[in-house]
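Asker:
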Amino acid sequence: MSLRIDLQIISDWIPDGARVLDLGCDNGILLKHLQQRGITGYGLEIDNSKFAACIAAGVNVIQADLDQGLPQFADQSFDFVILSQTLQAINHPDFLLDEIVRVGKQAIIGFPNFGHWQCRWQLAIGGRMPVSKTLPNAWFDTPNIHLCTIQDFEKICVSKHIDIQHRSIVNHAHKDTLGTKLLPNLFGQTALYQLNKSS
Amino acid sequence: MPETVPADSVGLVSPTLLHIDLPLLLDCGRTLPSYDLIYETYGELNNAASNAVLICHALSGDHHAAGFHDADDKKPGWWDSAIGPGKAIDTNKFFVVCLNNLGGCKGSTGPTSINPETGKHYGPDFPIITVADWVRSQAVLADDLHVQQWAAVVGGSLGAMQAMQWAISLPERVRNVLIIAAAPKLSAQNIAFNEVARTAIKSDPNFHDGYYAEYNTLPRQGLGLARMLGHITYLSDEAMGEKFGRELRNGTINYGYDVEFQIESYLQYQSSSFVERFDANTYLLMTKALDYFDPAKAFNDDLAATMANIQARSLVISFTSDWRFSPARSQEIVDALLSAGKNVTYAEIEAHQGHDAFLMPIPRYMEIVKTYMQQIVTGFTS
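Protein chains in written order, with the numbering used here: chain A, 1 to 199; chain B, 1001 to 1382.
1. Can you list, in chain order, the residues of the region 1329-1340 of chain B whose Cβ is nearer than 9 angstroms to any Cβ on chain A?
2. Would you decide whether R1030 (chain B) is buried or exposed? Buried here means 16 or more other CB atoms lie within 10 Å of its CB.
3. Between which residues of its own chain and C54 (chain A) is the CB-CB distance below 7 angstroms, once the five residues before and five after are set aside?
4. Can you name the residues that DSSP bridges to S1318 (chain B)?
5. Kindly list the residues whose CB is nearer than 8 angstroms to the CB of L3 (chain A), restricted to its own chain and excluding five residues on each side of it in sequence; keep chain order.
6. Could you name the residues of the same chain whose beta carbon sits closer than 8 angstroms to that of S1382 (chain B), not counting the 5 residues immediately before and after it, in chain order?
7. Is DSSP giving K197 (chain A) helix, strand or coil here?
8. Checking 7 angstroms against the spacing of the C-beta atoms, do G1155 (chain B) and A1142 (chain B) come in under that value?
9. Tell me whether R167 (chain A) sits in a helix, a strand or coil according to DSSP, three-state version.
10. Does N1100 (chain B) have its Cβ less than 7 angstroms from a Cβ in chain A?
11. I62 (chain A) CB to nearest chain B CB: under 7 angstroms?
12. Given V59 (chain A), which residues of its chain have a CB within under 7 angstroms of its CB, disregarding the five upstream and five downstream residues?
13. Quick check on the burial criterion: 16 or more other C-beta atoms within 10 angstroms. Buried or exposed for D141 (chain A)?
14. Examine chain B for any beta-carbon lying closer than 7 angstroms to the beta-carbon of Q72 (chain A), and answer yes or no.
15. For R167 (chain A), which residues of its own chain have a beta-carbon under 6 angstroms away from its beta-carbon, when the five flanking residues on both sides are left out?
16. Mind listing the chain A neighbours of Q1375 (chain B)? Cutoff is C-beta to C-beta under 7 angstroms, in chain order.
17. What does a CB cutoff of less than 7 angstroms around I39 (chain A) pick up in its chain, not counting 5 residues either side in sequence?
18. Out of B:F1358, B:N1101, B:D1090 and B:D1008, point me to the one whose CA is closest to S1236 (chain B)'s CA.
19. Using a cut-off of 7 angstroms between C-beta atoms, extract the partners of A1347 (chain B) located in chain A.
20. Identify, in the order they occur along the chain, each residue of the same chain with its Cβ nearer than 6 angstroms to the Cβ of D1133 (chain B), setting aside the five sequence neighbours on each side.
21. Using 8 angstroms for Cβ pairs, my map puts P112 (chain A) next to Q189 (chain A). What's the rounded Cβ distance?
22. How would you list, in chain order, the residues of chain A whose beta-carbon sits under 7 angstroms from the beta-carbon of V1275 (chain B)?
23. Note down, in chain order, every chain B residue with its Cβ under 8 angstroms from the Cβ of N48 (chain A).
24. Please tell me whether T1371 (chain B) has its Cβ less than 7 angstroms away from any Cβ of chain A.
25. Just verifying my parser: in three-state terms, what is the DSSP assignment at W1150 (chain B)?
26. Just checking: is the beta-carbon of S1382 (chain B) within a distance shorter than 7 angstroms of some beta-carbon in chain A?
27. Quick one: complete beta strand (DSSP E) runs, 3+ long, within the region 1008-1049 of chain B?
28. Beta-carbon of N1176 (chain B) versus every beta-carbon of chain A: anything under 7 angstroms?
29. According to DSSP, which residues form a beta bridge with R120 (chain A)?
30. Does the beta-carbon of A64 (chain A) have 16 or more other beta-carbons within 10 angstroms, so that it is buried, or is it exposed?
31. Is the region 1013-1020 of chain B in contact with the region 1035-1044 of chain B, if contact means three or more CB pairs nearer than 8 angstroms?
32. Below 8 angstroms CB to CB, which residues in the same chain sit around H1146 (chain B) once its five sequence neighbours on both sides are set aside?
33. Which runs of the beta strand (DSSP E) at least 3 residues long sit entirely within the region 27-73 of chain A? Give them in chain order.
34. Are the Cβ atoms of Y1211 (chain B) and L1218 (chain B) separated by less than 7 angstroms?
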């Protein structure tokens, strides 16, 4: 079973035998893949049909609302806490970010970059709210309520004393190109970070 | 029973009585020298004996979980909605076992049985049985059935406590536990409701300190009251409101003290039908088993430490409107399992039926149980 490329990058960052918490774990595909490498842990998911898909995949899944934070988990109780393509749909992303670096020794966060040139073009020239492959919803029915750019995200990390260990910026094909390397905030569509709290 | 057996029913079933001559040492310090367990099975045990599922019943349940005893039965077993060919607990795949617990009144040894030492009914002299005692006796049944390890132990409410106890006491003998509408121990409020129920029974003039059988009578009023109270705690305000509202039996109030509202009539009916089919001493015993259940007590009240030896994977399910064992109580179990690093899945089901929801065929609930049970199947060889 082949993984979506951003999930493959996340998987590559996690060593065998680690203990992980996958926030908004979707249909459990990443956890299932990690399980085969001896990586154990839990997924958190609130959507009913995705939840059932996780059970069918045989992964541990806890029904939980990420907007409530992670009160059931102790400090530094996981090697990795993963938040993939979900940050922008959270009510209080700054609070969740605090929670993620509290519970995880390392955090992996992936989000769609709102600073991508197509978003900027659609808003600046077209005068319309951007709609793209990574952000397919119209403004009135989108779950994505807290969009940010690569610059925004790195700024909040600095203000929270969160260190960036790895960064991978990719385009819509989830490949890195010369553009994503030179001007990531303009050419990157998906940003992936490995972070931890400065000690 | 319907004229033809539905395709998803286990159909006509009959119980088996197992007489056990091995003495059973109980938590209370007493020993039962021998005892009977009555049970039913549905589906076939596979060659590897790896597809056996134990269903544990709740306070007033029994061994008749699915199917019909004879063609004249009006109702099937108590969890027929979940057990049968193609159902959530699929008898085409699993060998399902359900027994009447020790201390019960439906065929297993209990207060209504004859005490071999006196030749009379045990009555109130029957020892109090704990959840851990039940698990010990159920393990003897498992041995008799040649089931070394259950594919799953499943229960709701008091049944869920047995499932939890199985995973704690005999970790190598359970691969999965389904802990539904449970609590890790009763709250003061839970015990308080049980005490009111017991007081109702014990203060009935026909109770005779539990020796009512010797007087050829039954504490009908007391047991009926206990059942009425219990029933109120099993339902939610919303479910009662939806079902009965303020509806009147005869459409008008009479300014008197007779039964007027439909809810009064319903409770009276529940009460009078229950006293004919259930034993008051068993009711007292079951409520005590509930009150005493507290597996973490032996671990300095550390529930995570209590769970440390569990090998089974757990599926924990709660229901939003259950105020007897609210979702917060299930969350305590889940948190302990998480903190002990155990395999656990947790679902909170949106349901208005209160505690009784665990017996209802609520679509999302049944989908989760079915999906979970199906992925167990891939884990065993036939």
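Glycine included, every Cβ here is placed at the ideal spot set by N, Cα and C.
Answerer: Answer, in terms of the structure:
1. Q1331, V1334, D1335, L1338 and S1339
2. exposed
3. C25, N27, G28, G43, E45 and V61
4. B:E1348
5. S11, I29, L30 and H33
6. Here the model assigns S1382 (chain B) a pLDDT of 49, short of 50, so the residue's position is not dependable and the matter cannot be decided.
7. strand
8. no
9. strand
10. no
11. yes
12. G28, L31, K32, Q35 and G43
13. exposed
14. yes
15. Y193
16. I55, A56 and G58
17. I14, D16, G17, A18 and V20
18. B:F1358
19. F51 and Q63
20. L1026 and D1027
21. 7 angstroms
22. Within 7 angstroms Cβ-Cβ: nothing; V1275 (chain B) doesn't reach chain A, min ~40 angstroms.
23. R1364
24. yes
25. strand
26. Bear in mind that the predicted position of S1382 (chain B) carries a pLDDT of just 49, short of 50, making it too unreliable to give a figure here.
27. 1016-1020 and 1035-1042
28. no
29. Beta-bridge pairing links R120 (chain A) to no other residue.
30. buried
31. yes
32. L1045 and A1049
33. 40-45 and 61-63
34. no
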